[in-house]
Structures are given as C-alpha cells and as structure tokens.
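K.L.:
When you read off a place in the sequence shown, starting at 1, and then add 2, the result is the number in the working numbering. Idealized CB from N, CA, C, for every residue including glycine. Remember, predicted model here, so these are calculated numbers, not experimental data.
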Amino acid sequence: MNFGSDFQDIVSPFVSKDVKKRVLMLSIVDKPLSVIVCVVAPKVLEENAAHLIYECFLFAWPVLKKTIQLEYECTLKQKCQQLLRVARRLFTQVASLETLLQIAMEQAKLLTKAEYCSVMLVDLDRMELVKSSRQTLTDDPVPENRFPMHIGIAGQVIRTGNLINCKNAKEHPAYNPVIDSSPGVDCKAILCFPIREQTGIIGVGQLINKVGDPYFDAMDEEMALAFSIYCGVCIMHSVIYQKIQEAHIRNALANELVMYHMKVGDSEVSRVLECTASHNHPHFTSLHFNIRALPLRELPCYVLKMFSDLGFDKKFNIKPNKLARFILHVKKGYRDVPYHSWLHAFNVAQWTYAAITNYKLVSQGYYTDLQALMYLIAGLVHDMDHRGTTNSFQIQGQTTLAALYSSEGSVMERHHLAQAMCVLNTEGCDILEALPRRDYDRALMLLRDYILATDLANYFKYVLKTHSSF
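(1) Using DSSP bridges, identify the partner residues of LEU131.
(2) Report yes if the C-beta distance between VAL206 and ILE153 is below 7 Å; otherwise report no.
(3) Just how far apart, CA to CA, sit LYS467 and SER412?
(4) Is the beta carbon of VAL305 sitting closer than 7 Å to the one on ILE204?
(5) Using alpha carbons as the reference points, say which of GLY381, CYS424, ALA62, ASN164 lies closest to ASN253.
(6) Measure how close the beta-carbons of LEU113 and MET225 come, nearest whole angstrom, since I'm counting them as under 8 Å.
(7) Which residue wins for smallest C-alpha separation from LEU382, given the options HIS346, ASN393, ARG389?
(8) In chain order, what residues of the same chain have a beta carbon less than 6 Å from the beta carbon of ALA404, not counting five sequence neighbours either side?
(9) Do you know offhand how far LEU28's Cα is from LYS212's?
(10) Taking Cβ positions, are TYR243 and VAL96 nearer each other than 7 Å?
(11) For ILE203, report the span of its beta strand (DSSP E) as first-last.
(12) Can you tell me whether DSSP reads SER230 as helix, strand or coil?
(13) Which residues share a DSSP beta bridge with LEU166?
(14) Mind checking which residues open and close the alpha helix (DSSP H) that includes MET107?
(15) Here's a check: name, in chain order, each residue in its chain whose Cβ is nearer than 7 Å to the Cβ of HIS331, leaving out the five neighbours to either side.
(16) How about ALA326 and LEU275: are their beta carbons less than 7 Å apart?
(17) Should the segment 192–201 be regarded as contacting the segment 49–57, the criterion being three or more beta carbon pairs within less than 8 Å?
(18) How about the segment 362–371 and the segment 331–344: do they share at least three Cβ pairs that are nearer than 8 Å?
(19) What does a CB cutoff of less than 7 Å around ASN349 pick up in its chain, not counting 5 residues either side in sequence?
(20) Are ILE482 and PHE59 closer than 7 Å when you measure CB to CB?
(21) Express the C-alpha separation of TYR361 and ASN323 in angstroms, rounding to a whole number.
(22) Under the three-state reduction of DSSP, which class applies to VAL42: helix, strand or coil?
(23) Can you check the segment 226–279 for any alpha helix (DSSP H) of at least 4 residues that lies completely inside it and give the ranges in chain order?
(24) Straight-line CA distance for PHE286 to LEU298?
(25) Under a CB-based cut-off of 7 Å, is ASN50 close to chain B?
(26) Give the DSSP bridge partners of MET308, in chain order.
(27) Check the DSSP bridge columns for VAL65 and list the partner residues they point to.
(28) Using the C-alpha atoms, what's the distance from MET447 back to LEU99?
(29) Could you check whether MET107 and GLU130 sit closer than 7 Å to each other, using their CB atoms as the reference points?
(30) Output yes or no for whether 7 Å exceeds the beta carbon distance between ALA380 and ILE433.
(31) In three-state terms, what does DSSP make of GLU300?
(32) DSSP has ILE30 in a bridge; who is on the other side?
(33) Is THR456 helix, strand or coil when you go by DSSP?
(34) Does the ligand ATP have even one heavy atom less than 6 Å from the beta-carbon of LYS172?
(35) What are the partner residues of VAL187, as DSSP defines its beta bridges?
(36) Specify, as a first and last residue, the run of the alpha helix (DSSP H) that LYS316 falls within.
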C-alpha cells in the first residue's frame, strides 16, 4: 500500500526501505477529536494487537485527549497574546498607510512563521489590486505593482470572500505566478485571506511557504482571519486619518488665502496710528450716540480711543501697532451686507464702551478688567463674516456653515467666534499675547460666552422664561 508523504515521514525512522514490515493502523474515534494509532511490526497477531491497543487506550486516551486540549489552549492563549501585541503595534502606525502595510506584512509573517507575506489593497476606481513590493522598513521609494482584480488566487479570494489554503499552490487552478508569487520566492504553500471592513472587502493578504512545515494548518487560518480584522480596521483608520490630514491642509491653505486677502499693510497701520484728527466728539460716550456723526475713515481711530480711554492698552500691555492691525483685520472681516457690517460692529463696540464708562461697570465691581476688555472686543467682532442670513436659513439651506455648526446650535454665532479666533491667532494681531496662560484661557471663554449670547433666538427664550418666573 502506498502511503502519503506525511505518513511516510512519521514512520520512516522505524521502517527500513530494504526490509518489509507489517504496519497496523487503528482509529480511536471520539469527540471533538480522533486519532490514528500506528503500530509498526507488531509481534503479536493483528487481532490481539488491536485488542491490546483498544484496552490500553481506555486508560490512556482520556489523559492524551486532555493533554492535546491543554496544548491547544496554551497555543491559543499564546497566539491571542501575540495577536494583541500585533494589534497594538498596528494601531500606532495609522498616520502612514505605507508604514502600516509594511508592519502588517512583517507581523503577519511572525504570527504564522511564513517565509513571505504581501498585502494588496483594492482600487475600485480602476478595478485593480495594488501591491507594495517593500518587505522591510526602509525610506527608499518602492514602486507599487498593480494587477487586474480578477486574476490569481488573490482574485478568487476577492470574488468569493473566502480564505484559501493551498498545500501545493502551483496545482491550484487559479494560481497565477504574476500575482501569487514574488521574485526569488519558490511558492509551494500559500494561505490567502480577505481583509474586510464594514463596507466589504478592501484588500487581500497572502502568506507564502511556512517555515519548518510543508503547509499552513488550521491554527494559521484562524490567526490569519483574526489578523485580517485588525488589519482592515487599521487600514480604514489610516485612510480616514490621511483624508482628515489632507482636509486640514486644504483648510489651512484656504485660511492662509483668506488671511492674505485680509492682510493689513504697514502703511494702513501707520495711517491709523499717525492720524492727526482730534477724535474728541463731545457725545462719543453717550449711550445714544449716532455713529454717522463720525467720518468713516476715522472709525478705526475711535476704536483705538476706546481702548485707550478705558486703560486697556496699559493694563494688558497691548502694543499700539498690534491693536491697530487687529482693528483693521476685524474691519476687513466684515462683509458688505445691509445690516451686519463694519458699521454695525463699530456701533455695538461704541455702546459697550459707553456702558462700561457710564455705568462704571469696572469701578463698581460689576466687571473685572478682563471681563470688560473681552466685552469690548466681543462687541467689535461678534458678527464677523456675517452673510446677512439667519441661523434658520443656514440650517434649512443645508449650507457648509450648518454642516459645521448645526449640531452645537447658534450656527452663525459659532462662525463669528471662529473668525474672531482666527484673527486673534494671526501674527501681528495677537493683542492678548501678554496675558498669563490662565487669564488667556479665561479671556477666550468670555469671548465665546459673549458672542454666543448674541443669538437672539436663544435670547428671547431666556426673556420669556425670566418673565414667566415673576
């Protein structure tokens, strides 16, 4: 009788090629596993040998079965711990997809003791599999290889979604050395598995030739499938992370472009600081002051006067050139809309200045100096980049601003706050730079509260609630 190569490898130490010997094979059937007992050249008759073996295994089999199960559990525990270490390492590399794939291949080889590993990602736009040739962590550029998505064992795994474990890869009908092997690698055994995420298969992994064994076993299949889950999650996180990074860069470029067009020249700052007009309108501190009594070109100068009269420039060490540049930036940040324009901003700022002055909000202890400063700044910036529409219009129109801020409420007010923060963070406009860290954080919180309080929809709700309580 001709036996398979696996069996011949097992009995070869006990059987000589030149001497024929009897071989007795008996099956011990049980759940969840069974074994085959092989006896070479028994010295008793086959019937007696079989009886002796069965009698022996009545006592030996329970111990052997528990030993096998214990060995399996120990191996499983070791593999799970190894898999967790792999997952932890993968999750730390989502910032770079290329590095992630290199580490994924390296770790997959360690998990299954494979000679070679490759990971191919699906490019649905071109219906191709993209394979990286890099096997080690190096900085040298390596061109990617692209293959049709339907060819080879990898293509069959993509089509069916099922793992394929070939003991002899070259005999598999779908085998294609172009995609299922690698230069310098003699592909004997191959374990090919799908890499999934929620939307479906995003790639395929290939393990070629197990070191020390002729083929990959069931434990390797389990480890490959478990690994593919972590790998799929990490790949998608990496792709999303890169998209976020790209969006952040585009946003930064857009902000840079906006700030460039809002850029305030040194000559404009000098005109404000060196203005020779008196800026002493007799009714400027009135709560009922009409701002149309002032020349438009002098409005930035009057904002400087507000800060100076209240002593904020000295109390908070605000440099005149930074304050002037900040004011001019804010002015450019207002659109030419019918109401919420630069004139409206100046009007509100003048009223806050008059309120602080007439009601003695600081000297009477109603406001601290920091609260009063941010009250004045909020009056100036509270409607920056207003589009002349309401929050309801933004939400119902499903605009970009609504997509950004609707979940938090007060869509336009949050946008005004973001624009104000952008100006405050612009070089040369950072008028709060001299504040200690704690006061700086407090100042930004005050600015947020003041601007969000200008949402009239919320204001009227609070008014009705207050009136109903009396």
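P.N.:
This is what the structure holds:
(1) VAL124, PHE149
(2) no
(3) 19 Å
(4) no
(5) CYS424
(6) 5 Å
(7) HIS346
(8) GLN396, ILE397, VAL413
(9) 30 Å
(10) yes
(11) 202–212
(12) helix
(13) The residue asked about is misnamed: residue 166 is Ile in this sequence, not Leu. Paired residues: CYS194.
(14) 99–114
(15) MET264, VAL266, VAL425, THR428, CYS431
(16) yes
(17) no
(18) no
(19) ILE293
(20) Since the displayed the chain opens at 3 and closes at 472, residue 482 lies outside it and no answer follows.
(21) 30 Å
(22) strand
(23) 268–275
(24) 14 Å
(25) Among the chains in the structure shown there is no chain B, since it carries only a single protein chain.
(26) Answer is none; MET308 lacks a bridge partner.
(27) Beta-bridge pairing links VAL65 to no other residue.
(28) 38 Å
(29) no
(30) no
(31) helix
(32) VAL37
(33) coil
(34) Because no ligand of any kind appears in the structure shown, any question about the ligand ATP cannot be addressed here.
(35) Answer is none; VAL187 lacks a bridge partner.
(36) 314–317
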